[in-house]
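Q: Below you'll find the structure I mean.
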Amino acid sequence: MNTPSLLDQQLDYLKLAFLKAQYTELAQQAAEHSWTHVDYLTRLIDSQYQQRRQHTVELRVKAARFPVLKTLEQFHWDWPKKINRLQVQNLFRLDFLAQQANVIFLGTVGLGKTHLASALGYAACLEGHSVLFANAVDVINQLNAAQKKGSLKSELKKYLHPRS
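Residues are numbered in my numbering as their position in the sequence shown, beginning at 1, plus a constant of 25.
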C-alpha cells in the first residue's frame, strides 16, 4: 500500500495539486543541473503561479461572455480608413479602468467595433480585471425587461460591478 507522504498530504490540504504533480520531476531536474535550493523552489513556485494565473484568466474570459475572442494584433488597420489608431492603441494601456470609466465604440456595421471591444476586454482579463461584454441593444433590452419585473437595481449591478 502506497501511503501519501506528509508533503503530499500538506499540498492536498493547501489545494496545490499542480505543485504536488510537479515537485518530484523538478527535484530530479534540480539534482541533474545542480540547482540551488532557492533555484529549485523559485522554479517550482513559479510553475504553480503561472498555472494558477492562466486558470484565473480562463475563468475571467469565460465570465466576460465575449462573442468572439480577438486581440489588437489581429485587427486590420487598413479598414476603416478614418480610425484613430493611436487613440485606440492608447485604450489598451487600460488607464480608463483606474478612472472607472467606460469605453464605447460607435460606428456603422462592419467597422470592427466588436473586434476592438473584444480585444480590449480580453486585454483587461489578462491584466486581472473582471469584464462583462455587452452590446448596447442587449443592455437596453435587459434593463427594460428588468424594470418591468421590478428588478432594475440588481440588473444594473451586473453591469456596474461585473466582478460581483
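Beta carbons: idealized from backbone N, C-alpha and C, even for Gly.
Would you check if the stretch 101 to 112 and the stretch 149 to 167 touch, i.e. whether three or more CB-CB distances between them fall below 8 angstroms?
A: Here the stretch 149 to 167 makes no contact with the stretch 101 to 112; the two share fewer than three CB pairs at distances below 8 angstroms.
Q: Taking glutamate 152 and leucine 119 to be in contact with their CB atoms under 8 angstroms, please state how far apart those CB atoms are, rounded to whole angstroms.
A: 6 angstroms
Q: Is arginine 110 helix, strand or coil by DSSP?
A: helix
Q: For histidine 140, which residues of its own chain have a beta-carbon under 7 angstroms away from its beta-carbon, when the five flanking residues on both sides are left out?
A: Here histidine 140 has Lys95, Phe100 as same chain residues with Cβ atoms under 7 angstroms from its own Cβ, once five neighbours each way along the sequence are excluded.
Q: Starting from the N-terminal side, write out each stretch of the alpha helix (DSSP H) that is 4 residues or longer and does not extend beyond the stretch 32 to 60.
A: 42 to 58
Q: With a CB to CB cut of under 6 angstroms and the five nearest residues on each side skipped, what residues in its chain are close to alanine 148?
A: Phe117
Q: Beta-carbon within less than 7 angstroms of valine 164's beta-carbon, same chain only, minus the 5 sequence neighbours each way: which residues are those?
A: Tyr184
Q: Could you name the residues of the same chain whose beta carbon sits closer than 6 angstroms to that of alanine 142, not counting the 5 residues immediately before and after it, in chain order?
A: Phe130
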